[in-house]
Structure formats: structure tokens, C-alpha cells
Amino acid sequence: MAKPAELASTKELIEKYIRRNGVPSIWCPGCGIGTVVGSMLRAIDHLRLRQEDVVIVTGIGCSGLIYNYLRFDGFHGTHGRALAIATGIKAANPRLHVVVPMGDGDCAAIGGNHFIHAARRNIDLTAIVINNQIYGMTGGQSSPTTVQQSRTSTAPRGHLERPFDVCELAKGAGATYIARGVTSNPIQLADLLERAMAHKGFSVVEVLSQCPVQAGRRAGRSEPWEMLQWLKGVTVSAKRGTDDVSLGKFITGELLKEDAPEWTEEYDKLIAIAGGRS
Amino acid sequence: MTGVQSNSHLLLSGNEACAEGAIRAGVRFFAGYPITPSSEIAETMARRLPEVGGKFIQMEDEIGSISAIVGASLAGLKVMDATSGPGLSLKAEGLGLAVMLEVPCVLVNVQRMGPSTGMATLPSQMDVMMSRWGTHGDHPIIVISPCSVRETFELTVKAVNLAERFRSPVILLSDAVVARMREKVVLPGEVEIVNRVRPAVLPEQYRPYAAGPNGVAPMADFGSGYYWYANSSVHDENGYEATSKPEVATRLLQRLHAKIYEHLNELPQGEAFMMDDAEVAVYAYGITARAAKAAVRMARERGLKVGLLRPVTIWPFLSGLVDPYVSGLTALLVPELNMGQLVDKVREVVGGRSKVESLSRYDGQIITPEQILVAVTKIMGR
Ligand code: SF4
Chain B
1 MAKPAELAST KELIEKYIRR NGVPSIWCPG CGIGTVVGSM LRAIDHLRLR
51 QEDVVIVTGI GCSGLIYNYL RFDGFHGTHG RALAIATGIK AANPRLHVVV
101 PMGDGDCAAI GGNHFIHAAR RNIDLTAIVI NNQIYGMTGG QSSPTTVQQS
151 RTSTAPRGHL ERPFDVCELA KGAGATYIAR GVTSNPIQLA DLLERAMAHK
201 GFSVVEVLSQ CPVQAGRRAG RSEPWEMLQW LKGVTVSAKR GTDDVSLGKF
251 ITGELLKEDA PEWTEEYDKL IAIAGGRS
Chain V
1001 MTGVQSNSHL LLSGNEACAE GAIRAGVRFF AGYPITPSSE IAETMARRLP
1051 EVGGKFIQME DEIGSISAIV GASLAGLKVM DATSGPGLSL KAEGLGLAVM
1101 LEVPCVLVNV QRMGPSTGMA TLPSQMDVMM SRWGTHGDHP IIVISPCSVR
1151 ETFELTVKAV NLAERFRSPV ILLSDAVVAR MREKVVLPGE VEIVNRVRPA
1201 VLPEQYRPYA AGPNGVAPMA DFGSGYYWYA NSSVHDENGY EATSKPEVAT
1251 RLLQRLHAKI YEHLNELPQG EAFMMDDAEV AVYAYGITAR AAKAAVRMAR
1301 ERGLKVGLLR PVTIWPFLSG LVDPYVSGLT ALLVPELNMG QLVDKVREVV
1351 GGRSKVESLS RYDGQIITPE QILVAVTKIM GR
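Quick note, the sequences are listed as chains B and V, same order. Taking this note's numbering as reference, the numbering of the first sequence is continuous, increasing by one, and the terminal residue is 278. Taking this note's numbering as reference, the numbering of the second sequence is continuous, increasing by one, and the terminal residue is 1382.
See below:
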């Protein structure tokens, strides 16, 4: 996977990967999902992945509409099942790079079981967990990453429960590449996504993202720039050391990378032993 | 069972015959989750698939396994999953997904007694309506039901072929007895193979949901450069979101139904046994049809004009099996291992032209030939 000398311009990326009659997107002005898509396309392009080898698998919710605008093979379907669908696609054709953007509810609530088991299997998929700490499309309900005390439409007096740390969850479950990005730093995000896609095994990139409409509004940050400033404030790059964790900040950057046997490669060995041809 | 040779006598269970049928039909991906009494299908596939270059995966739950087969089918493989009652409840979501995406896949449901965890090892035919209407929303589905080990093999091959032909999920509706009994079978040397139609046009011209002359749109394998959108929300012929377009929704639902309902003659109808002069017909499927056939023979020995109508396709309900005989019948008896499910559909189709009576059993035991004979004799007033 040799890298091109120069980064493609945004215009080039749009021409190559965006389906013209899909846009404008359905997302609210200032939503973070578009930034994630931009970084994802940049990563795919910079890695020089063949367009026909990339499959985008999404679930349901605002992030589930990502595929609507793209020119790849893609799936948009049942809530929470993206990783299970992706597992089938990858198993059937290991040549494919299967990229799985999900929301926090999609990944960590209804799809939680698929998430931990895809990590345990170390199957070569790239999970992008777009974490805006809320269910956006359904109207601002609490999600598994909603922080305590924040107000949501299902927690009008403040959210009681503790949130998941998606990266820690991925680590505990056995993911072999884990990183955290933030939409206020799309350059770093593209780099992390590129590393995740290049990694052989189950990779997770959590992206802290803004939902100004459903989350921001209730937190007194309904302007997108307020959200981005808030995201900048609550994150700190891993390169700067981890002292800030004690202050409750989210560490961004590469958090874990290790080599481990990957599911489809191991299965191919099993086929060879069984005498079949894959 | 190791690699199975054809033309030799084999002692197989229904579940093993199902797995072998799937392998012969070209299934190369199986995702499953353990559940009694279907687990032997997964176990056999786990052993057999790598031998033919295919893959088996045990998923984390029932929903995960049906989702995984949908994914593998999108990538071009023939796929299967197997479960039983409580698992069918969970797979309802994935079935609807496969209907809407028009993804060929086979789901085996080995019926056990319910509701809920019920009696895990004992048979029932209580999922007849669930298999028809288990997933939400108006949808067509193909459900076929075998009555023997040999037929389980044949119908598994058929299920795979029908799934490919119609770009649709197909349910093989077995039961705990057919699945677990062992019978001597001779497997055929060759089986008929049907492959999904793949696009012949250039990617720019490809419309993944535009029906061809056979009612079904060609399906491109993910990874073959067609860049198509498998979209479970209401979509147009290109697969693109049309969730606020009533006319697109109408066309889509009509087409989903038409692709199957306008080709019912391609579905296996079933068997009419000793029906030519029959005054009473026993209408029975699955394991109950075995008892019914024995009962018909016993009745004939007593000079009673009784025949058997044994549907193989349960859904869509094929009235063509019943219609030619109804006018000559005084009654139909519908024995089922449930509180009366398919009998209502039989009543609807018969429409008062003859009596339709139900014979129910729902205690995890099978209906015996004697029970059916007694019921038939009573109907005939003997
Ligand atoms: S509701 Fe929130 S997450 Fe959804 S599109 Fe609007 S801003 Fe984005």
C-alpha cells in the first residue's frame, strides 16, 4: 500500500467518492458526521484502497445515512447489526476492506454484543464509532455514552447512569487497534482512520463528534462552533501525555496497536488443513 | 458423517441430511448459534464446510448469525442459518431485512414445542404462522416443509435454489422428529443447481432493484465494482432512500410480492395420495403427514375412501393442491401439532365447499395414525 506523494484535494475526493445526486445531505447544519465522512474518504484515498474493494456498512440513525452519499458497495440496515453484517461480508470475501461507521447507540447499546465479539474474534474490520453521546435521529434520548447528569429527552432530570468508555470496552474485548479522534481535529482523525484501515485485525476508532441539535441544545451549546470548542476542551492528545485523564478529559490518538491472529487468515489455514480450497 | 458419497446407502438424521443438502446445493457460508434441536446442522456444517472451501462461524447470538449470512450473501456466497423456535423469534428481524434487501438466504427452523422455551427437545408445528408473519410489515416469504430425512435433503437443495431464484429468504420448516430421526437414504449423484442472476450491464447502468423479466433484479456481488446500496429502508430501483415517497413505497411492496406470487407454479406443490376417489382428505404436512399417510392406508384397508393432501410449500399457500379435489370431498381433516394454525387457511381456501375439521395436539407428542383414523372414521359417521 504505497502512499501517493500528494494528498488529494477535497474536490478530487468529492468527484471520486461522493454520489452527486445524493447531496445535499440530510444532516443538520454543523453536524459532526460529515467531518467523519471527509476524514474517512481521505484515509481511504491516501491508502490507495481500490474503490471496488471498499465496502461501507452502516446501521441505523443519523450515522446510518452515511452510505446514501457515497460511491462504494454499501449496506444500510437493521439497528445495531452493522458489525454482524460486516462479519459475513468479510468472511465471504476477505479481499474486501469493510469499514463500519456506527453511532454510539448503534455500537454500544443495541449492537454491543456484536461489537465485543467482533473484537474478540479479531476479524479484520474497521469500526468507526461516531460518539455524540445521544440518539440524534430519534429525538435526543440517552445513549450508553451519555455522561451522568446531562439532560436528554429520556432523562429530563439528568442522566443517572455511568457512560461506557468505548475504547476501554474495545480493549477489554480484545480489539487489536484502538484510537480516539475528535471532529475538532479532522487531520488527526484521517490519520487515525488510515492507520486503523491499514491494521490487520479488528480496529476501532472512536470519534467524539458534535450533535448540536439534540445534544448541544440541551447542554446550552446549540451553535456548532460552541460544540467544537467544547470538544477541544474535553480532549487532549495522547502525545501530550496522559496526566489530563485525572481531569476527566478524553485522550485522543492511537491508544493500542498489537498483532494477533486475524479470523479470516486463521480460517483459511483451517480450510487448508481440512483439504478444501478457499 | 464424513464426506458423503452419492448413491450409497446412508443412515442419516434429518439435520445431517439438511447440512449435506446445503453443501451439495453450493452453500459456502453458514452462521449459527447453538439451539436444540437444530444444533446438529451447525455441527455438521462446521465439519463439512472447510472441506469444500467454505466457512462456518458460530456467532454471538441468533440475530448476529442471521445478519452474518445476509452479509455473506451480499458478497456473493450461498448461505444458510439454522435455528429452532426461540431462535426464530430473534431471527424475525433478520428475515425482514433479507426480504427488504432481497438477499438470497436459507433459514432452517426445527420446530419445537412452545411458546417460549417450551419443551426444547419435543416436536411441534407451532411456528407455521410465525414463519409466515414473524417479521413485521407486509412481506412475502417462501416456507417449505419436509416430512422425511430424504425429503429434508431434497428440500434443502430446493430451498437454496428458490432463494437464489427469487432473491428472497426461504424457510425450511422442519420439526424435532424429522430433524432427529435417522433413516436410510440414498443421495442422488447430481442435484439441480440454481444460481442468482448477476448483472450483465455495465456498473453505470446497473439498477439493483429493477426487476428483470423473471420478476427479480440481477444481484451484483459486493466487491465486483457495481457500487450498489443494499438499503433496508424504502428505496427506489437504484437502492437510494425514498422514505418520503409513497408512490415508490407502493411500487416496491407490490414488486416484492409479485416476484413470488406471479410465479407460484415454480414452488413445489406437494403430494396427492389416494385422492382420486377420496371422500375425505387428510391435509397434513411435516412429520404429521407421515402419520396421515399410514392412517390413509389403514382407512383404505377398512374400505374407507380417504386420501392424503400433503403440501410441501406451506407459504405462500398453494390452493392448487386442494382445488381439484374439493368438489368431491365431504370433509378435510387437518391434523397439526398446534392448536390449529394452517387449518384456518385451509378453511379460507375451501370456502365452505366442504367441511374442514381440525385435529390438534400440542403436548410435545406426535399425532399417531390411530388418532387420525379415529377422527376420520368419526367424520365419515362410521
Ligand atoms: S440530529 Fe444531531 S447527529 Fe443527527 S444529523 Fe442532526 S446534528 Fe447530526
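Glycine included, C-beta positions come from ideal geometry on N, C-alpha and C.
Nearest candidate by alpha-carbon position, reference R1361 of chain V, set V:L1337, V:K1378, V:T1135, V:R1347: V:L1337
Within-7 Å CB hit, R81 of chain B to chain V: yes
Own chain, CB closer than 8 Å to M197 of chain B, minus 5 neighbours either side, in chain order: These residues qualify, in order along the chain: A43, I44, L47, L49, H97, V99, T126, S203.
CB contact flag (S1067 of chain V, R81 of chain B, <7 Å): yes
Straight-line gap, A109 of chain B to P144 of chain B (C-alpha atoms, nearest Å): 6 Å
Coil, strand or helix - H1257 of chain V by DSSP: helix
Any C-beta of chain B under 7 Å from that of F1029 of chain V: yes
Counterpart residues of L1011 of chain V in DSSP-defined beta bridges: V:K1184
Buried or exposed (CB count within 10 angstroms, at least 16 for buried), I187 of chain B: exposed
Sequence-distant residues of the same chain with beta carbon closer than 6 Å to K1355 of chain V, five excluded per side: Taken in chain order, the residues that qualify are A1331.
Test: D1138 of chain V CB closer than 7 Å to a CB of chain B: no
Any chain V beta carbon closer than 7 Å to N68 of chain B: yes
Whole-angstrom C-beta distance between V1099 of chain V and S1168 of chain V, which should lie under 8 Å: 7 Å
Reduced DSSP secondary structure (H/G/I, E/B, other) of D191 of chain B: helix
V1234 of chain V: first and last residue of the uninterrupted beta strand (DSSP E) it sits in: Premise fails: V1234 of chain V is in no beta strand (DSSP E) and is neither H nor E.
Classification of M1339 of chain V by the beta-carbon crowding that lies within 10 angstroms, buried from 16 upward: Here M1339 of chain V is exposed. Its C-beta has fewer than 16 other C-beta atoms within 10 Å.
For H1263 of chain V, three-class secondary structure by DSSP: Shown here, H1263 of chain V sits in coil according to DSSP, grouped into three states, outside any helix or strand.
Helix, strand or coil at E1051 of chain V according to DSSP, with G and I counted as helix: helix
Three-state secondary structure (DSSP) of Y1362 of chain V: Per DSSP, reduced to three states, the secondary structure at Y1362 of chain V is coil, with no helix or strand assignment.
Chain B contact for M1001 of chain V (CB, 7 Å cutoff): Bear in mind that the predicted position of M1001 of chain V carries a pLDDT of just 42, short of 50, making it too unreliable to give a figure here.
Contact test: W263 of chain B Cβ vs ligand 1 heavy atom, cutoff 6 Å: no
A2 of chain B, buried or exposed, once every other Cβ within 10 Å from all chains shown has been counted against 16: Its pLDDT being 48, under 50, A2 of chain B is placed unreliably by the model, and nothing is read from it.
Euclidean distance between Cα positions of T1002 of chain V and W263 of chain B: Because T1002 of chain V carries a pLDDT of 45, less than 50, the predicted location of this residue cannot be relied on, and the following value inherits that uncertainty. Computed Cα separation, rounded: 25 Å.
Supposed contact pair P1268 of chain V and I1144 of chain V - C-beta distance, whole angstroms, cut 8 Å: 6 Å
Integer-rounded CB distance, given that A274 of chain B should sit under 8 Å from E1051 of chain V: Contact between E1051 of chain V and A274 of chain B holds: their C-beta atoms lie close to 5 Å from each other, under 8 Å.
Cβ neighbours of A1022 of chain V in the same chain (closer than 6 Å, five flanking residues each side left out): Contacts found: M1080, T1156.
Below-7 Å beta-carbon distance, I267 of chain B vs any chain V residue: First, the amino acid is wrong: residue 267 of chain B is Tyr here, not Ile. It does: the Cβ of Y267 of chain B has a partner Cβ on chain V nearer than 7 Å.
Contact list for N122 of chain B against chain V, beta-carbon separation under 7 Å: Within chain V, no residue comes near N122 of chain B; the closest Cβ sits about 13 Å away, beyond 7 Å.
W1228 of chain V: CB within 6 Å of a non-hydrogen atom of ligand 1: no
Selection of the region 1087-1117 of chain V by Cβ proximity to chain B, strictly under 9 Å: E1093, G1094, G1096, L1097, M1100, L1101
Cβ pair count under 8 Å reaching 3, the region 145-164 of chain B against the region 114-121 of chain B: no
DSSP three-state assignment for R1347 of chain V, whether helix, strand or coil: helix
7 Å Cβ cutoff, A84 of chain B in contact with chain V: yes
Within chain B, the residues that V1343 of chain V reaches when beta carbons sit closer than 7 Å: The premise fails here: V1343 of chain V is roughly 33 Å from chain B at the closest Cβ pair, so nothing lies under 7 Å.
Best match in B:K269, B:E52, B:D259 for proximity to G74 of chain B [C-alpha to C-alpha]: B:E52
Whole-angstrom distance between R120 of chain B and P1311 of chain V, CA atom to CA atom: 45 Å
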